Every structure is written in C-alpha cells, then in structure tokens.
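First up is the structure itself, then whatever we jot down about it.
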Amino acid sequence: MNNLIANYERILEVLRKISKEQLLTYQRRTPKFSDLELVGLSLTSEFMSIDSLMDLFRQLPEAILAKIERSVYNKRRRNLVNHLDEIRLKIASKFNEFEEYFIVDSMPLEVCKLSRSLRSKICKDYSYCYPDKGYCASQGLSYYGYKLHTVCSVNGVFQSVDLSPASVHDIHYLKDIKTQISNCTLIADKGYLSSKIQLNLFETCNIRLNTPMRKNQTNFKKQPYIFRKKRKRIETLFSQLCDQFMIRRNYAKSFSGFKTRVLCKITALTTIQYINKFIFNRNINNIKISII
Numbered sequence: 001m002n003n004l005i006a007n008y009e010r011i012l013e014v015l016r017k018i019s020k021e022q023l024l025t026y027q028r029r030t031p032k033f034s035d036l037e038l039v040g041l042s043l044t045s046e047f048m049s050i051d052s053l054m055d056l057f058r059q060l061p062e063a064i065l066a067k068i069e070r071s072v073y074n075k076r077r078r079n080l081v082n083h084l085d086e087i088r089l090k091i092a093s094k095f096n097e098f099e100e101y102f103i104v105d106s107m108p109l110e111v112c113k114l115s116r117s118l119r120s121k122i123c124k125d126y127s128y129c130y131p132d133k134g135y136c137a138s139q140g141l142s143y144y145g146y147k148l149h150t151v152c153s154v155n156g157v158f159q160s161v162d163l164s165p166a167s168v169h170d171i172h173y174l175k176d177i178k179t180q181i182s183n184c185t186l187i188a189d190k191g192y193l194s195s196k197i198q199l200n201l202f203e204t205c206n207i208r209l210n211t212p213m214r215k216n217q218t219n220f221k222k223q224p225y226i227f228r229k230k231r232k233r234i235e236t237l238f239s240q241l242c243d244q245f246m247i248r249r250n251y252a253k254s255f256s257g258f259k260t261r262v263l264c265k266i267t268a269l270t271t272i273q274y275i276n277k278f279i280f281n282r283n284i285n286n287i288k289i290s291i292i
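Using the UniProt record's numbering, read the sequence shown as starting at 1 and increasing by one per residue.
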C-alpha cells in the first residue's frame with residue numbers, strides 16, 4: 001500500500017478502461033498531465049490515506065512534479081468534479097445494473113467545531129450552499145456542517161450520493177431519489193418513516209420503501225431480520241469512509257473544494273471495489289488491501 005506509483009498505475013489502468021480522455025472547456029491545448037492522470041492521482045492519494053496536498057506532493061517523483069504544480073492540480077481537480085461523478089456512476093453500474101435491493105442512510109460531516117460556527121467563513125462562498133447546525137440522533141451529536149445522503153446496494157456499492165445542510169431532514173432526500181433509481185426495494189431506518197412519501201415512491205417509480213415501525217404504531221410488525229442485517233452494510237461503508245478515507249477531516253475552505261473531496265473519497269472506495277472484483281476476484285469490501 002505504500003508504493004504510491006504502483007498503486008497509481010493500477011488505478012489509472014482501470015480509469016482508462018471505463019473512461020475517455022477529455023479536455024476542460026477552457027483548455028485550448030492538451031496539458032502535460034492529462035485529466036485521467038489527474039483523477040487517478042487523486043483517487044490514489046485517497047486510497048493511501050494521503051489527505052493533504054502538501055504531503056502528496058512531497059511524495060511524488062520528479063517525473064510527475066515536472067508536469068503539474070500543486071495549485072494547478074487543486075484547481076483542475078475541482079473543475080473535474082462532474083467528470084469524477086460520471087466515472088463513479090460507470091463503475092457502480094458494473095455492480096448495480098440488475099440490483100433490486102438498496103439501502104439509504106445519512107451521516108454527519110462537520111466543517112468546523114460547533115463553537116466556531118458563528119465566526120466561521122468555511123464553505124460560505126455562495127448563499128445556496130451555506131452549512132448549518134444539525135443533530136445526528138444515532139450518535140447523539142450536535143454539529144455544524146453538512147449531511148451526506150447515500151444509497152448503496154446490499155453488496156456495498158454506492159449508487160447515489162448527495163449533500164445537504166445539516167438541518168435538512170433525511171426524509172427530504174427521498175423526494176430527489178425518484179430520478180435516480182426505480183423498480184426496487186429501498187431499506188431504511190426509522191428516520192425515513194412517512195406513509196405519504198412511501199405511497200408516493202411506490203406510485204411514481206415503483207420503489208417499495210421498507211422501514212422499521214415504531215412500537216407504538218398501530219398494527220406493529222417487526223422488520224424482517226434479513227432487512228435489519230443487510231442495513232448494517234451501509235454502516236460498515238460509513239466506518240470505512242471515516243477510517244481509511246478520513247471523510248470527516250476537512251481541509252477545504254470553499255464548498256466546491258469540500259464537495260470535490262467528499263466525492264473523490266467515495267469514488268476511490270468504489271474504484272477499489274472494482275479492482276477487487278474484476279481484477280483479483282476477491283471480496284469487494286476488503287478495502288485495506290494491496291491492489292498491486
């Protein structure tokens with residue numbers, strides 16, 4: 001795992017199979033360091049838990065340093081965020097094309113400590129993306145920042161991801177999910193309980209929302225064990241994102257930088273799952289493992 005260049009070449013090999021080279025709209029000529037190479041380096045650094053650009057550029061060989069500067073790398077990476085999401089979706093489609101069961105959940109992402117929230121200027125470059133104060137019931141945590149909403153398959157591959165201010169309730173994410181998946185069963189926790197939205201999802205796109213009932217509800221029935229067991233998969237993914245990919249550590253100052261960092265970490269995880277499955281034919285969720 002400590003061999004940066006070998007890991008980089010492996011990830012770049014995968015990217016070249018599933019994506020084409022492209023130029024950003026403002027680029028008039030082909031840069032020395034191509035877009036796919038830049039994305040590959042970014043995913044490699046996330047896989048190897050190199051979370052600082054300064055630390056990454058200290059470890060790069062002269063052959064790469066001669067092609068791109070750190071500030072240019074950072075700007076181009078933010079501009080490639082849409083291309084990065086396309087790559088993630090292409091990889092996910094290799095796993096989830098015929099999937100019938102998905103899991104939905106959210107996790108808190110702090111941008112700074114709650115005590116600094118009033119004077120913080122982080123991610124406040126545009127009014128529509130201001131962070132906010134929120135509460136995570138599962139962790140008993142009040143925090144300042146954003147909420148990461150995700151949908152993954154029961155095998156553990158992310159299908160859909162989105163960010164919202166921390167104060168937005170989980171259930172509002174289900175209104176946006178209708179354009180992304182259909183004809184499936186969606187497993188959720190009690191935070192997504194809503195008979196109105198449950199009916200709407202079924203009528204509009206044939207999504208069967210399955211949530212555990214509260215004990216004081218009429219005609220209470222316990223959620224099937226298989227659903228309760230499978231829902232733990234997304235909790236494991238969150239733990240991997242927090243541990244190896246350090247998704248809760250924030251160095252970004254702008255929302256575009258924050259969004260790029262989060263998406264890059266999730267794409268890196270999905271890429272390693274692809275390598276595990278289609279190159280080494282092993283358990284896709286063994287993330288702390290050699291890919292050389």
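Glycine is no exception: its CB is placed at the ideal position from the N, C-alpha and C atoms. Computed from a predicted structure; not experimentally measured.
Query raised in the report: Three-state secondary structure (DSSP) at T150?
Result: For this step, residue 150 is matched to residue 150 along the sequence shown. In this structure, T150 counts as strand in the three-state DSSP scheme.
Query - Beta-carbon proximity list for A6, same chain, < 7 Å, skipping 5 on both sides - result: Walking along the sequence shown from the start, residue 6 turns up at place 6. Contacts found: I292.
Query - At least three beta-carbon pairs within less than 8 Å, the region 176 to 192 to the region 224 to 236 - result: The region 176 to 192, when compared against the region 224 to 236, does touch it at the 8 Å Cβ threshold.
Report task. Return no unless some Cβ of chain B is closer than 9 Å to the Cβ of M48. Result -> In the structure shown, chain B does not exist; there is a single protein chain.
Requested in this report: With a threshold of 16 other CB atoms inside 10 Å of the CB of R119, please say whether the residue is buried or exposed.
Outcome: Position 119 of the sequence shown, counted from the start, is the residue given in the question as residue 119. Burial call: exposed.
Query - Q159: first and last residue of the uninterrupted alpha helix (DSSP H) it sits in - result: Reading the sequence shown from its first residue, position 159 is the one you call residue 159. Premise fails: Q159 lies in the beta strand (DSSP E), F158 to P165, not in any alpha helix (DSSP H).
Query raised in the report: Which partner residues of N210 appear in the DSSP bridge assignment?
Result: Start at 1 with the first residue of the sequence shown, and residue 210 comes out as number 210. Beta-bridge pairing links N210 to I187.
Query raised in the report: What does a CB cutoff of less than 6 Å around L201 pick up in its chain, not counting 5 residues either side in sequence?
Result: The residue labelled residue 201 in the question sits at position 201 within the sequence shown. Cβ-Cβ distances below 6 Å link L201 to I207 and L209 in the same chain, with the five nearest sequence neighbours on each side left out; the list follows chain order.
Query raised in the report: Do the region 247 to 265 and the region 78 to 92 touch if we need at least three Cβ pairs shorter than 8 Å?
Result: In short, these stretches touch, since the Cβ pair count reaches three.
Query raised in the report: Helix or strand or just coil, what does DSSP make of S52?
Result: Reading the sequence shown from its first residue, position 52 is the one you call residue 52. Note: S52 maps to coil in three-state DSSP.
**Report entry** Limits of the beta strand (DSSP E) - the one that D105 falls within
**Finding:** Position 105 of the sequence shown, counted from the first residue, corresponds to residue 105. Unbroken beta strand (DSSP E) run through D105: Y101 to C112.
Query - Nonlocal neighbours in the same chain, by C-beta distance under 6 Å from I50, ignoring five residues either side - result: As a first step, residue 50 is located in the sequence shown; it is residue number 50 there, counting from the start. Short of 6 Å from the beta carbon of I50, and not among the five residues preceding or following it, lie these beta carbons of its own chain, in chain order: L56.
Report task. Report buried or exposed for F265, applying the criterion of at least 16 other Cβ atoms within 10 angstroms of its Cβ. Result -> Within the sequence shown, residue 265 is the residue found at index 265, counting from 1. Per the sequence shown, residue 265 should be read as Lys rather than Phe. Its Cβ being crowded by 16 or more others within 10 Å, K265 is buried.
Query raised in the report: In three-state DSSP terms, what is L141?
Result: On the sequence shown, residue 141 is found 141 positions in, with the first residue counted as 1. The answer is strand: DSSP assigns L141 an E or B state.
Requested in this report: Quick one: grab the DSSP three-state call for Y126.
Outcome: Against the sequence shown, residue 126 aligns to sequence position 126. The answer is coil: DSSP assigns Y126 none of H, G, I, E or B.
Query raised in the report: If you compare alpha carbons, which of I11, L41, L43 and M48 is closest to K288?
Result: Your numbering for residue 288 matches position 288 in the sequence shown. A check of alpha carbon separations from K288 across I11, L41, L43 and M48 identifies M48 as the nearest.
Query raised in the report: In chain order, what residues of the same chain have a beta carbon less than 6 Å from the beta carbon of L12, not counting five sequence neighbours either side?
Result: Walking along the sequence shown from the start, residue 12 turns up at place 12. Contacts found: G40.
Requested in this report: Just mark E69 as buried or exposed, buried being the case when its beta carbon has 16 or more other beta carbons within 10 Å.
Outcome: In the sequence shown, counting from the first residue as 1, residue 69 sits at position 69. Taking a 10 Å sphere around the C-beta of E69, we find fewer than 16 other C-beta atoms and assign the residue as exposed.
Query raised in the report: When you compare only the Cα positions, how much space is there between E21 and P31?
Result: For the purposes of this step, residue 21 is identified with residue 21 of the sequence shown, where counting begins at 1. For the purposes of this step, residue 31 is identified with residue 31 of the sequence shown, where counting begins at 1. So the alpha carbons of these two residues sit roughly 11 Å apart.
Query raised in the report: In or out: P212 buried (at least 16 other Cβ within 10 Å) or exposed?
Result: Here residue 212 refers to the residue found at position 212 when the sequence shown is read from its first residue. Buried: at least 16 other Cβ atoms inside 10 Å.
Requested in this report: List the endpoints of the continuous alpha helix (DSSP H) containing D243.
Outcome: As a position in the sequence shown, residue 243 is number 243, starting the count at 1. Segment K232 to D243, the alpha helix (DSSP H) holding D243.
**Report entry** Distance CB(I87)-CB(T260) smaller than 9 Å
**Finding:** Residue 87 sits at position 87 when you count from the first residue of the sequence shown. Residue 260 sits at position 260 when you count from the first residue of the sequence shown. Against a cut-off of 9 Å, the Cβ pair of T260 and I87 comes out as no contact.
Query raised in the report: Could you check where the alpha helix (DSSP H) with Y274 kicks off and where it finishes?
Result: Stepping through the sequence shown from its first residue, residue 274 is reached at position 274. Where Y274 is concerned, the enclosing alpha helix (DSSP H) stretches over F255 to F278.
Report task. Compare the Cα-Cα distances from Q240 to each of R29, V157 and V111 and report the closest residue. Result -> For this step, residue 240 is matched to residue 240 along the sequence shown. The option with the nearest alpha carbon to Q240 is V157.
Query raised in the report: Which full runs of the alpha helix (DSSP H) of 4+ residues lie inside the region 7 to 78, going along the chain?
Result: For the alpha helix (DSSP H) assignment, the uninterrupted runs of no fewer than 4 residues enclosed by the region 7 to 78 are, from N- to C-terminal side, 35 to 47, 53 to 59 and 62 to 65.
Query raised in the report: How about the region 82 to 97 and the region 151 to 166: do they share at least three Cβ pairs that are nearer than 8 Å?
Result: Output reads yes: the region 151 to 166 touches the region 82 to 97.
Report task. Determine which residues share a DSSP beta bridge with D132 and list them. Result -> Position 132 of the sequence shown, counting from 1, holds the residue named residue 132. Answer by DSSP bridge pairing, in chain order: G145.
**Report entry** Classification of A66 by the beta-carbon crowding that lies within 10 angstroms, buried from 16 upward
**Finding:** Position 66 of the sequence shown, counted from the start, is the residue given in the question as residue 66. The residue is exposed, with fewer than 16 neighbouring Cβ atoms inside 10 Å.
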